[in-house]
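For the sequence shown, our numbering gives the first residue as 7, with consecutive numbering after it.
Below you'll find the structure, written out as structure tokens, and then a few comments.
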Amino acid sequence: MSNKIAGDRRMKKMRVARSVAAAAAILIWAGSLFATTTGKITGRITDASTGEPLIGANVILESTFQGAATDMDGNYVILNVDPGSYTISIMMIGYQSYRVTQAKVSIGLTTRIDAALSTQVISGEAVTVVAERPAIKKDLTATTAIVNAERIEAMPVTEVGDIVGMQAGMVNGHMRGGRSGEVAYWIDGVPVTDVYDGGQLVEVSKDMVQELQVISGAFNAEYGQAMSGIVNITTKSRFEKWGGSLTLYGGDYLTQHTDIFTGLSFNPIQTKNAEFSVQGPIIKDRLDVSFTTRQVYWEGHQRGEHRYNPWNYPETLDLSQVPELWQNYGADSPYLFYSLGDDAGIDSLILHNLMTEAYQESEWGLLLNRADYEAMPDSLADLYSLARAQWNAIYKEPLGDGSVTPMQWNQRAFYNSMVSLRLTNKLRISLQGSYTDFQWQDYDRHYRYNPYGRTTHSNESFSLLGKLVHSLSSNTFYNIGVSYSGKKYSKDNADGYIVYPELNIAPESYSFGFGGTDNSRFERQTRTQLVKFDLTSQVNTFNQLKFGLEARNHSLTMKSYSLLPPLERQILNIFEDPRMTAFRIPSDPADVNYSEYDH
């Protein structure tokens, strides 16, 4: 049985496709042009006694394959350094070795390490110093908050969004007073911003973050398509040893006002969180892998009562025909409840807030006493008896079972994985994948006593990233990156109930519905393909050259519609109309109410 489109229904399907942007630029060092994921170490090596520059001194980053030699002026530069903390060894024949520990490198910034070496006649112990943090970062041209892995580990947070929210300039997802969709999100040099609403496409586990930057001031041209600010994340790609973590916690709401918050009783495992991560080298210094996952279920504090089913339908009785009911029920508006089904029946003559079998008599097997039954008009009494008999034989739970169910819940699942392969000392390939599944329901007081009539929201998003980094020389390297990402948002009835709009109307003077479902539907899907190339070269001590190209392709599909029963069943028939229909969305593009857009 197929569904037709209501007169007031609208369905839109849009594809904003093939929006391709390409950019190329050259910049003499004043800041990066294309999003970088690494930093730079530079400095000058001199003789401690004379102050003369040392030519050919070796500067090595321990536990890596990176290093440099000083030039004629004693200067050196090490490019393409992943963010983190390093120990630097400086060596030259005839001079005492020099080690600098805790040298911090940040994304897009320069760490300067100078050293003065002392001469030695015989071999002795190396001089070890701790790198000092400069009071002023001269190349930090924008308001930037930098949070490294060590700080993240010590912070009382569970996700990256909590870290971002703690930085200056961020208030409830809004940066510098702008809209939430005006913040751009980057992971490992690739944008992961939803092209539709500007939100973050995928979640990244905090255990995978090597460094996070929140740029809330004027930012460089490398960060396009952002107005309020940038969240730039670099993930871990190199591990010295195997490690991992397991985090579990639970909780719930606690209140003394159970008369207001229905069914809210403390249960320490009502809210659940489980997070697991593992990372390490499969082949030391060559092949590294990592995997993280997080599962969260939050039940919320808003509850509903399952008094009615989505297929129940109330009809107000004319009490002038049965005045005796006024005295028995003590209220003004008893209702006759129908229930859709293949063998539909009438459930009972009850009030909205009076569900009891106090009037049931074993002789009649009815929910009415004999006086009430005899006071009913003959036609209504006959119909009631027939329907009640059918119902007793077929249905055991004509209305809801009265159970309490959460109405503000959400559940989330995050998955992140990474593989990094160093083919040679100068060539590295990395692959990364992220997937996020987010489902939730919003509280709606109309469905407080019919909680299964609501729709469920769903967000599924993914990101696949491949990256190649090749060092042509000690002063030049290039990156090639490709990514494919997407997001699907939908609003649907997870239980599959599609019933008639007449069932979803609250009777006069009542603010809660007695049955029905939310028949509105929405679906949006975005896809983005990206290819980028950038080259960096240190021309001399003071100038750096960058060149890059980037191309993006976006597509957007959107549908919005409401469901109604088939045309031949536009008038509700409680005895013939089924609870559920077989088809939800008309598939005929020739339908007059079907529209499609391509751009």
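The beta-carbon is built from N, C-alpha and C at its ideal position, and this holds for glycine as well.
As the structure is a prediction and not an experimental result, all values here were calculated from the model.
I'd like to check one pair, residue 285 with residue 295: are the Cβ atoms closer than 8 Å?
One-based indexing of the sequence shown puts residue 295 at position 289. One-based indexing of the sequence shown puts residue 285 at position 279. Their beta carbons are under 8 Å apart, which means residue 295 touches residue 285 by this criterion.
To the nearest angstrom, how far is it from the Cα of residue 167 to the Cα of residue 222?
Here residue 167 is taken as the residue at index 161 of the sequence shown, counted from 1. Here residue 222 is taken as the residue at index 216 of the sequence shown, counted from 1. The alpha-carbon atoms of residue 167 and residue 222 are separated by roughly 15 Å.
Mind checking whether residue 103 and residue 211 have CB atoms under 8 Å apart?
On the sequence shown, position 97 is the one that residue 103 refers to. On the sequence shown, position 205 is the one that residue 211 refers to. Against a cut-off of 8 Å, the Cβ pair of residue 211 and residue 103 comes out as no contact.
State the start and end residues of the unbroken alpha helix (DSSP H) segment that holds residue 169.
Numbered from its first residue, the sequence shown carries residue 169 at position 163. Per DSSP, residue 169 is one residue of the alpha helix (DSSP H) stretching across 166 to 171.
Distance check for residue 535 and residue 481, CA to CA, integer angstroms please.
Residue numbering aside, residue 481 sits at position 475 when the sequence shown is read from its first letter. Residue numbering aside, residue 535 sits at position 529 when the sequence shown is read from its first letter. For the pair residue 481 and residue 535, the Cα-to-Cα distance works out to about 31 Å.
Just the C-alpha distance for residue 302 and residue 262, rounded to the nearest angstrom, thanks.
The count along the sequence shown starts at 1 and reaches residue 302 at position 296. The count along the sequence shown starts at 1 and reaches residue 262 at position 256. Going by the C-alpha atoms only, they are around 26 Å apart.
Nearest to residue 415 (by Cα), restricted to the options 289, 182, 170 and 304:
Translated into the one-based positions of the sequence shown, residue 415 becomes position 409. For the residues 289, 182, 170 and 304, the minimum Cα distance to residue 415 belongs to 304.
With a cut-off of 8 Å, do at least 3 Cβ pairs link the stretch 449 to 464 to the stretch 473 to 489?
Between the stretch 449 to 464 and the stretch 473 to 489, the count of C-beta pairs closer than 8 Å stays below three; the two stretches do not touch.
Counting pairs of Cβ atoms below 8 Å between the stretch 111 to 126 and the stretch 178 to 189, do you hit three or more?
Judged by pairs of C-beta atoms under 8 Å, the stretch 111 to 126 does not touch the stretch 178 to 189, as fewer than three such pairs exist.
Where residue 292 falls: helix, strand or coil (DSSP)
Position 286 of the sequence shown holds residue 292. The answer is coil: DSSP assigns residue 292 none of H, G, I, E or B.
Which runs of the beta strand (DSSP E) at least 3 residues long sit entirely within the stretch 489 to 574? Give them in chain order.
Listed in chain order, the complete beta strand (DSSP E) runs (minimum 3 residues) inside the stretch 489 to 574 are 526 to 544 and 550 to 570.
Where residue 492 falls, given that 16 or more other Cβ within 10 Å makes a residue buried:
Looking up residue 492 in the sequence shown gives position 486. Residue 492 should be labelled buried.
Is there at least one non-hydrogen atom of the ligand MG closer than 7 Å to the beta-carbon of residue 279?
This structure does not include the ligand MG; it has no bound ligands of any sort.
Beta-carbon separation of residue 136 and residue 173 under 8 Å?
Counted from its first residue, the sequence shown places residue 136 at position 130. Counted from its first residue, the sequence shown places residue 173 at position 167. No, the Cβ-Cβ distance between residue 136 and residue 173 is not below 8 Å.
Hey, is the stretch 150 to 164 in contact with the stretch 198 to 207, meaning 3+ C-beta pairs nearer than 8 Å?
No, because fewer than three Cβ pairs between the stretch 150 to 164 and the stretch 198 to 207 fall closer than 8 Å, the two stretches do not touch.
With a Cβ-Cβ cutoff of 8 Å, do residue 256 and residue 277 count as a contact?
Indexing the sequence shown from 1 puts residue 256 at position 250. Indexing the sequence shown from 1 puts residue 277 at position 271. In contact: residue 256 and residue 277 (Cβ atoms closer than 8 Å).
Identify every run of the beta strand (DSSP E) within the stretch 68 to 153, keeping only runs that are complete inside it and at least 3 residues long; order them along the chain.
Whole beta strand (DSSP E) segments, 3+ residues: 73 to 75, 81 to 87, 90 to 97, 104 to 111, 116 to 118, 121 to 123 and 133 to 136.
Within its chain, find whatever has a CB closer than 6 Å to the CB of residue 459; leave out the 5 residues flanking it on each side and keep chain order.
Position 453 of the sequence shown, counting from 1, holds the residue named residue 459. Excluding sequence neighbours, residue 459 sits near 316, 453, 522 and 523.
Contacting residues, own chain, Cβ-Cβ under 8 Å from residue 242 (five flanking each side not counted)
Stepping through the sequence shown from its first residue, residue 242 is reached at position 236. Excluding sequence neighbours, residue 242 sits near 155, 214, 215, 216, 285, 296 and 424.
Apart from the five residues on each side of it in sequence, which residues of its chain come closer than 6 Å, Cβ to Cβ, to residue 84?
For the purposes of this step, residue 84 is taken as residue 78 along the sequence shown, with counting starting at 1. Taken in chain order, the residues that qualify are 47, 72 and 74.
Whose C-alpha, out of 560, 557 and 540, is nearest the C-alpha of residue 551?
On the sequence shown, position 545 is the one that residue 551 refers to. Nearest of 560, 557 and 540 to residue 551, Cα basis: 540.
Does the Cβ of residue 238 have 16 or more other Cβ atoms within 10 Å, making it buried, or fewer, making it exposed?
Along the sequence shown, read from residue 1 onward, the residue named residue 238 stands at position 232. Residue burial annotation: residue 238 is buried, with at least 16 other C-beta atoms found within 10 angstroms of its C-beta.
What would DSSP say about residue 247, mapped onto helix, strand or coil?
Locating residue 247 in the sequence shown gives position 241, where the first residue counts as 1. The DSSP-derived three-state label of residue 247 is coil.
Output the distance between the C-alpha atoms of residue 281 and residue 299, rounded to the nearest integer angstrom.
Numbered from 1 along the sequence shown, position 275 holds the residue referred to as residue 281. Numbered from 1 along the sequence shown, position 293 holds the residue referred to as residue 299. Counting only the Cα atoms, residue 299 lies some 6 Å from residue 281.
Quick one, which of 148, 320 and 59 has its alpha-carbon nearest residue 507's?
Indexing the sequence shown from 1 puts residue 507 at position 501. Of the listed residues, the one whose Cα sits closest to residue 507 is 320.
Quick one: grab the DSSP three-state call for residue 441.
Within the sequence shown, residue 441 is the residue found at index 435, counting from 1. Annotated three-state conformation of residue 441 is strand, per DSSP.
Which partner residues does residue 287 have in the DSSP bridge list?
To locate residue 287, count along the sequence shown from 1; it is residue 281. Looking at the DSSP assignment, residue 287 forms a beta bridge with 294.
Taking the DSSP output, what are the residues bridged to residue 176?
Within the sequence shown, the letter at position 170 stands for residue 176. By DSSP's assignment, residue 176 forms a beta bridge with 181.
When we look at the beta-carbon of residue 250 and count the other beta-carbons within 10 Å, is it buried (16 or more) or exposed?
Counting from 1 along the sequence shown, the entry for residue 250 is found at position 244. Per the 10 Å Cβ criterion, exposed.
Residues in the same chain with beta-carbon distance under 7 Å from residue 119, minus the five sequence neighbours each way, listed in chain order, please.
Start at 1 with the first residue of the sequence shown, and residue 119 comes out as number 113. If we look at residue 119 and ignore the five residues flanking it on each side, its Cβ neighbours are 47, 49, 94, 106, 109 and 137.
Selected residue, minimal CA-CA separation from residue 164, among 45, 420 and 193:
In the sequence shown, residue 164 corresponds to position 158, counting from 1. The shortest Cα separation from residue 164 among 45, 420 and 193 belongs to 420.
Taking 8 Å as the cut-off, decide whether the C-beta atoms of residue 471 and residue 208 are in contact.
As a position in the sequence shown, residue 471 is number 465, starting the count at 1. As a position in the sequence shown, residue 208 is number 202, starting the count at 1. Going by C-beta atoms, residue 471 is not nearer than 8 Å to residue 208.
Neighbourhood of residue 235 by C-beta distance below 6 Å, restricted to the same chain and skipping five residues each side
The residue you call residue 235 lines up with position 229 of the sequence shown. The residues are 181, 189, 221 and 222.
Closest to residue 486 by C-alpha separation, out of 526, 436, 229 and 259, would be which residue?
Counting from 1 along the sequence shown, the entry for residue 486 is found at position 480. For the set 526, 436, 229 and 259, the Cα lying nearest the Cα of residue 486 is the one of 436.
Relative to the C-alpha of residue 528, which candidate in 556, 461, 543 and 557 has its C-alpha closest?
Along the sequence shown, one-based indexing puts residue 528 at 522. Cα-wise, what sits closest to residue 528 is 461.
Would residue 346 be called buried (16 or more neighbouring beta carbons within 10 Å of its own) or exposed?
As a first step, residue 346 is located in the sequence shown; it is residue number 340 there, counting from the start. Result: buried.
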